[in-house]
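Engineer:
Protein chains: 2
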Amino acid sequence: MVKNCNFIEKLRGLGLRPTKQRVKMCEVLFNREKTFHFTINDLVKMISEEMNEKISLATVYNTVHAFEKKGYLKEITINSDKSYFDTNTSVHHHFYDEDTHELIDCDENDIDPVNIKKNITGKKINSVEVLVKVASDNQNQKKLN
Amino acid sequence: MVKNCNFIEKLRGLGLRPTKQRVKMCEVLFNREKTFHFTINDLVKMISEEMNEKISLATVYNTVHAFEKKGYLKEITINSDKSYFDTNTSVHHHFYDEDTHELIDCDENDIDPVNIKKNITGKKINSVEVLVKVASDNQNQKKLN
DNA sequence: AATCTACATTATAACAATTCTAAACTGTTG
DNA sequence: CAACAGTTTAGAATTGTTATAATGTAGATT
Chain A
2 MVKNCNFIEK LRGLGLRPTK QRVKMCEVLF NREKTFHFTI NDLVKMISEE
52 MNEKISLATV YNTVHAFEKK GYLKEITINS DKSYFDTNTS VHHHFYDEDT
102 HELIDCDEND IDPVNIKKNI TGKKINSVEV LVKVASDNQN QKKLN
Chain B
2 MVKNCNFIEK LRGLGLRPTK QRVKMCEVLF NREKTFHFTI NDLVKMISEE
52 MNEKISLATV YNTVHAFEKK GYLKEITINS DKSYFDTNTS VHHHFYDEDT
102 HELIDCDEND IDPVNIKKNI TGKKINSVEV LVKVASDNQN QKKLN
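In order, the protein sequences belong to chains A and B. All residue numbers for the first sequence refer to this note's numbering, where the first residue is 2 and numbers rise by one. All residue numbers for the second sequence refer to this note's numbering, where the first residue is 2 and numbers rise by one.
1. Say yes only if the C-beta of T122/B is nearer than 7 Å to one or more non-hydrogen atoms of the ligand ATP, and no if none qualify.
2. Taking K124/A as part of the beta strand (DSSP E), name the residues at either end of that continuous run.
3. Exposed or buried, which one is D108/A when buried takes at least 16 other CB atoms within 10 Å?
4. Would you list the residues sitting across from E10/A in a DSSP beta bridge?
5. With 16 other CB atoms within 10 Å as the buried threshold, where does R33/A fall?
6. Quick check on this structure: which residue in T20/B, N89/B and C27/B has the alpha carbon closest to the alpha carbon of K35/B?
7. Under three-state DSSP, which class holds E219/A?
8. Using a beta-carbon distance cut-off of less than 9 Å, what residues from the region 67 to 81 of chain A approach chain B?
9. Could you give the residue range of the beta strand (DSSP E) that holds D43/A?
10. Starting from I121/B, find everything on chain A with Cβ-Cβ shorter than 8 Å and list it in chain order.
11. Using a C-beta to C-beta distance shorter than 8 Å, which residues of chain A count as neighbours of S84/B?
12. Pull up the DSSP beta-bridge partners for E76/A, would you.
13. Counting contacts by CB-CB distance shorter than 8 Å, is V61/A in contact with chain B?
14. With a cut-off of 8 Å on the beta carbons, I'd call L132/B and T64/A a contact; round off their distance for me.
15. Counting only beta-carbon atoms, is E28/A nearer than 8 Å to chain B?
16. Is it buried or exposed, D111/B, if we count other Cβ atoms within 10 angstroms and call 16 or more buried?
17. Straight-line CA distance for N17/B to G72/B?
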């Protein structure tokens with residue numbers, strides 16, 4: 002487990018002042034075994050529930066964007082509903098469950114490497130990301146409600 | 002050039018009443034040499050500028066979604082700001098130029114078919130989309146934004 | 001052709017996600 | 001510790017989109 006002091010160092014290293022709010026957010030986001038996906042709303046809930054802390058919504062937005070800009074978080078493109086973020090900043094693919102709106106990391110072995118045979122001239126490829134949208138296979142699904 | 006009458010037939014074939022508004026929108030969207038990408042706002046502008054016509058914003062949303070549902074338009078996932086649509090409904094992928102924020106269709110030959118080896122149990126795959134983010138090849142310059 | 005009705009259109013209200021504002025606060029530097 | 005630039009904050013504003021409810025219309029039925 003990473004201690005607060007390390008987050009302070011980490012933040013300084015990124016050129017971000019280690020404010021109370023930012024350190025708290027680091028704890029919520031990065032003091033974990035596994036990486037995960039979240040929306041701003043998820044994160045606000047986590048902060049208030051897990052940390053019993055109140056950070057202004059505007060600050061959560063500011064900080065998430067600051068982290069993203071520094072490459073400490075990654076935005077994932079799913080649908081135009083809302084923004085999703087990932088604490089796993091490596092290049093990897095996703096399944097998106099359209100029923101549950103759940104986002105699941107693809108295992109490295111789930112998808113063969115994507116082979117791009119031709120590129121835009123004068124451009125270099127920054128990332129190649131695959132989004133596999135899935136939904137319930139049940140055709141005769143009963144509508145409850 | 003496709004005549005109105007054909008759009009009327011086309012709409013009927015899709016199970017959509019060929020209203021004045023829908024036929025107008027077909028003309029703006031499909032009476033072209035090449036397919037293209039657009040936002041709702043783009044489309045509203047095109048309707049008023051190219052057709053000198055006024056269609057209610059709600060109708061534009063309704064109709065675009067109706068077309069999408071029938072497979073006459075395709076939604077593309079770029080970012081979460083707003084929805085983008087594509088008059089090219091075939092399965093294809095996109096290059097996204099991070100410098101110019103331009104979206105470019107991948108040619109069929111540009112990317113090999115993506116092979117998904119493992120799926121989520123009980124789910125069927127609805128779509129597989131690849132987004133290739135490219136940027137200037139010049140230097141190792143950081144994004145300035 | 002008049003009538004009927006389910007589907008469409010419309011302006012506007014409502015909504016949700018995000019950004020802006022401007023005042024108060026705080027980490028850092030000297 | 002003083003000064004200041006960077007940060008936080010609540011609330012307002014903005015943006016993209018969906019819901020509402022009254023009015024209009026395409027196409028079938030008479």
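Note that beta-carbon positions come from the ideal geometry of N, C-alpha and C, so glycine has one too. Just so it is clear, the structure is predicted and the values come from calculations on it, not from any experiment.
Structural biologist: Concretely, from the data shown:
1. Only the bare structure without any ligand can be found here, which leaves the ligand ATP out of the picture.
2. Walking along the first sequence from the start, residue 124/A turns up at place 123. Unbroken beta strand (DSSP E) run through K124/A: K124 to S137.
3. Within the first sequence, residue 108/A is the residue found at index 107, counting from 1. When all chains shown are included, D108/A counts as exposed.
4. Translated into positions along the first sequence, residue 10/A becomes position 9. Paired residues: none, contrary to the question.
5. Along the first sequence, one-based indexing puts residue 33/A at 32. R33/A comes out exposed.
6. Here residue 35/B corresponds to residue number 34 of the second sequence, with the count starting at 1. Nearest option by C-alpha distance: N89/B.
7. Given that chain A is displayed from residue 2 to residue 146, the structure contains no residue 219/A and the question cannot be resolved.
8. K70, E76, T78, I79, N80 and S81
9. The residue you call residue 43/A lines up with position 42 of the first sequence. Per DSSP, D43/A belongs to no beta strand (DSSP E); it is in the alpha helix (DSSP H), I41 to E51.
10. Position 120 of the second sequence holds residue 121/B. Residues of chain A passing the Cβ test: F96, D98, I105 and V135.
11. Your numbering for residue 84/B matches position 83 in the second sequence. In chain order: S81.
12. Here residue 76/A is taken as the residue at index 75 of the first sequence, counted from 1. According to DSSP, which records beta bridges pairwise, E76/A is partnered with F86/A.
13. Start at 1 with the first residue of the first sequence, and residue 61/A comes out as number 60. Closer than 8 Å: no.
14. For the purposes of this step, residue 132/B is identified with residue 131 of the second sequence, where counting begins at 1. For the purposes of this step, residue 64/A is identified with residue 63 of the first sequence, where counting begins at 1. At roughly 26 Å, the Cβ-Cβ gap does not stay under 8 Å, so L132/B and T64/A are not in contact.
15. Working through the first sequence from its first residue, we reach residue 28/A at position 27. False, the Cβ-Cβ gap to chain B never drops below 8 Å.
16. The residue labelled residue 111/B in the question sits at position 110 within the second sequence. That one is buried.
17. Within the second sequence, residue 17/B is the residue found at index 16, counting from 1. Within the second sequence, residue 72/B is the residue found at index 71, counting from 1. Going by the sequence as given, residue 17/B is Leu instead of Asn. Approximately 12 Å between the Cα atoms of the pair.
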